[in-house]
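A short write-up of the structure that comes next.
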Amino acid sequence: MRYPVIGHHGARDGVTASCHQLHMSAASSLLIDCGLSQGDDACVAGTAGANRLAIEFSVATVKALVVTHVLIDHVGRIPYLLAAGFDGPILCSEPSARLLPIVLEDAFKLGMSRDQAQAERYLKQVEQHLVPLPYQHWFTLVESDELIARIRLQRVGHILGSTYVEIDLTYPESGDNKHMVFSGGLGAPHAPLLLPAVAAERADIPVLESTYGDRLHEDRASRRQRLEAVIEHALQDQGTVLIPAFSIGRTQELLYELGEIIHSQSQASAGAAADARTQLNPTHWPELPIILDSPLAHRFTEAYRELQPYWNQEAREQLAAGRDPLAFDNLISIDSHADHIAMVNHPTQTARPAIVIAGGGMCAGERIVNYLKAMLGDKRHNVPFVGYQAKGTPGHAIQTYGPKEGYVELDGECFDIRAGISSVGGYSAQADQKGLVDFVTGMQQWPTEIRVVHGEQRAKEALAEALKQHLPTPFELKL
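Residue numbers (our numbering): 869 to 1347.
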């Protein structure tokens, strides 16, 4: 067999469960991500997703696992990988090494056991495997007469700590050299807090995620103004604006931008035109309750604060000026279950406007579900979506059928959708078709083969066609 050879154990035909195996030689392979299935990806031929958690491939040759970023669809099966006998290093960026234990503790408690002692033993095992790598640093994984394999992580601007993976393979006996790139979740530009992505110089074979390969995002640079306008309109109904958000990445971006809105509104209120502005804009942002109801998101936000050296210049300048980009006076964090239930009941019984950011980005679980059960049937409330909703998830059903006054099934019960449903463009954390094409065409050396993964078939095919149009030299394309 001629090496390298790429195998896929997830995310080849869907948008979750990333898990790719690079066979570098007969004796050595590398695993890139080991994620969990969500939505329609969690069912194949009627088989429940729980049955897809097991590691159904041999780990005997796997020298290491590389984590591109710590979202659950990229790391959620790590407990099962360790249970299958994997005993190598888990390579990731330094910020990801701080965030990964939080993600895996939550995944362990949801999928395996809620026993805290067991969770702590498991996390200790994970941490013994963690090998944090600085960005732009070559790490030698294998060095033998047969193979020299080196790995380098580069920033992609998706979430804090996210990377693409460069793998340089040299075969001393033949003199062959192959340079591989696994894109992970390439980030979109203008992300709050994050440093920009680093361009890839070359790749003989890039493996590209194609989640948004069939579309172009709305302008991210002005998305804060769109978010403010959507919330202003929603609050005219004197109800709650309920935002489903992923605990890591999206929640921190929302807090950052809500803080920016509050800051600008406070400055405007202090100006001479405050009275006139208030007449046109009745929402008094500095006093508007903004409720973060997700203990997990709160933990991630605290971890983000500890990782300030990895923030971009704008965010660090705010800190230097004495303003925390992730905290403001009217931010209320909900921790206990009792406080959560009280908060769910309070907006349904009052007419006081509020914004709630609740854990559960695709509405498939976590605290967002209780809010949806209580509020979807009331026209006073509004649900703006700011993140991708995978097919088969309640979030996708609400986004699709809500504007038609349809219904959604939550915990086995059907709920009518009467609340206002909208989507705020520009909040995708992942690159669109142009960003993906630019990533490849910006390389100094053209690839000979391109693998397109992690996307619905329509998105993969559209990205493939765009790549064919923009690359000047022939290449082999595999979907």
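Glycine is no exception: its CB is placed at the ideal position from the N, C-alpha and C atoms. Just so it is clear, the structure is predicted and the values come from calculations on it, not from any experiment.
C-alpha gap between residue i and residue j, whole angstroms
i       : j       : result
Val1033 : His888  : 12 Å
Arg1167 : Pro1340 : 47 Å
Tyr1039 : Gly1303 : 33 Å
Glu1014 : Arg870  : 13 Å
Thr1146 : Leu1156 : Caution is warranted here: a pLDDT of 46 is assigned to Thr1146, below 50, making its placement in the model unreliable, and the coordinate value is therefore given only provisionally. If you take the alpha carbons of Thr1146 and Leu1156, they lie about 14 Å apart.
Leu1148 : His1131 : Its pLDDT being 42, under 50, Leu1148 is placed unreliably by the model, and nothing is read from it.
Ala894  : Leu1037 : 14 Å
Val1237 : Pro1252 : 15 Å
Phe1307 : Val1066 : 10 Å
Asp1197 : Pro1154 : 8 Å
Thr1169 : Ile1019 : 29 Å
Met1226 : Tyr948  : Before going on, a small fix: residue 1226 reads as Ala here, not Met. Their backbone Cα atoms lie some 28 Å apart in a straight line.
Ser886  : Thr1119 : 22 Å
Thr1135 : Asn1180 : It should be noted that the sequence gives Gln, not Thr, for residue 1135. Each residue's alpha carbon lies about 24 Å from the other.
Ala1299 : Ala1188 : 30 Å
Gly875  : Val927  : 13 Å
Asp983  : Leu991  : 12 Å
Lys1272 : Ile1266 : 10 Å
Ala922  : Ser905  : 12 Å
Arg1191 : Ala1102 : 28 Å
Leu1240 : Leu1199 : 21 Å
Pro1064 : Gly1280 : 43 Å
Ala1165 : Ala1059 : 18 Å
Ile1209 : Thr1008 : 51 Å
Ala1222 : Ile1202 : 14 Å
Tyr1178 : His1152 : 33 Å
Tyr1295 : Ile1116 : 14 Å
Tyr1256 : Gly1055 : 14 Å
Gly1336 : Gln1313 : Looking at the sequence provided, one finds Lys at residue 1336 rather than Gly. Answer to the nearest angstrom: the Cα atoms are 16 Å apart.
Distance CB(residue i)-CB(residue j) smaller than 7 Å
i       : j       : result
Ala1327 : Asp1082 : yes
Val1224 : Ile1159 : yes
His1322 : Val883  : yes
Gly1043 : Glu1077 : no
Ile900  : Val873  : no
Ser897  : Val930  : yes
His1047 : Arg1070 : yes
Leu1001 : Leu1021 : yes
Gly1228 : Pro1112 : yes
Phe925  : His877  : yes
Ala932  : Gly903  : no
Nearest neighbour of residue i, chosen from the options [CA to CA]
i       : options                               : result
Thr936  : Asp1105, Pro947, Glu1096 and Ser964   : Ser964
Asp974  : Ile946, Pro957, Pro1057 and Gly1127   : Ile946
Glu1086 : Glu1096, Val1066, Ala1102 and Pro1057 : Pro1057
His1205 : Ile1111, Pro1252, Gly875 and Pro1163  : Pro1163
His1214 : Gln1186, Pro1193 and His1249          : His1249
Ala951  : Phe976, Leu1084 and Leu968            : Phe976
Ala1297 : His1026, Ala1089, Gln1120 and Leu1347 : His1026
Val971  : Asp955, Ala985, Val994 and Met1230    : Val994
Gly1233 : Phe1114, Val1109 and Ile1035          : Phe1114
Met1230 : Gly1263, Leu1103 and His1047          : Gly1263
Val1320 : His1208, Gly1293 and Val1049          : Val1049
Asp881  : His1338, Gln1325 and Lys1336          : Gln1325
Val1109 : Gln1217, Ala1287, Gln1337 and Lys1346 : Ala1287
Chain D within 7 Å of residue i, Cβ atoms only
i      : result
Ile900 : Here chain D cannot be found, since the structure has a single protein chain.
6 Å Cβ shell around residue i - same chain, five flanking residues per side excluded
i       : result
Asp1284 : Gly1245 and Tyr1275
Glu1096 : Ile1129
Ala1183 : Leu1061 and Pro1193
Cys1282 : Tyr1275
Ala879  : Ala885, Ser886, Val1321 and His1322
Pro969  : Leu991
Ser1090 : none
Cβ separation of residue i and residue j, assumed to be a contact under 8 Å, to the nearest whole Å
i       : j       : result
Val999  : Leu1122 : With 8 Å as the limit, Val999 and Leu1122 do not qualify as a contact, their Cβ atoms being about 32 Å apart.
Ser961  : Tyr1003 : 6 Å
Glu1277 : Glu1317 : The pair is not a contact, with the Cβ atoms about 42 Å apart (cut-off 8 Å).
Ala1219 : Gln1106 : 5 Å
Pro1074 : Pro1342 : Not really, about 15 Å apart at Cβ, beyond 8 Å.
Ile1289 : Gly1270 : 3 Å
His997  : Ile958  : 5 Å
Asp1161 : Met1243 : About 13 Å; that fails the 8 Å criterion.
Leu1175 : Arg966  : 6 Å
Cβ-based neighbour list, residue i, same chain, cut-off 8 Å, excluding 5 preceding and 5 following
i       : result
Gln1301 : Tyr1080, Gly1081, Asp1082, Arg1083, Leu1084, Ala1330, Leu1331 and Ala1334
Cutoff 7 Å; reference residue i; Cβ partners in own chain excluding five residues on either side
i       : result
Leu978  : none
Ile1016 : Val1010, Thr1038 and Pro1040
Gly1310 : Ala1067
Arg1173 : Leu1194
Ala1142 : Unreliable positioning characterises Ala1142 in this predicted model, as indicated by a pLDDT of 49, which lies under 50. The coordinate reading is nonetheless provided below. Excluding positions up to five away in sequence, the list reads Ala1136.
Arg1088 : Ala1056, Pro1057, His1058 and Gly1294
Arg1235 : Asp1161, Ser1162, His1208, Ala1226, Gly1227 and Gly1228
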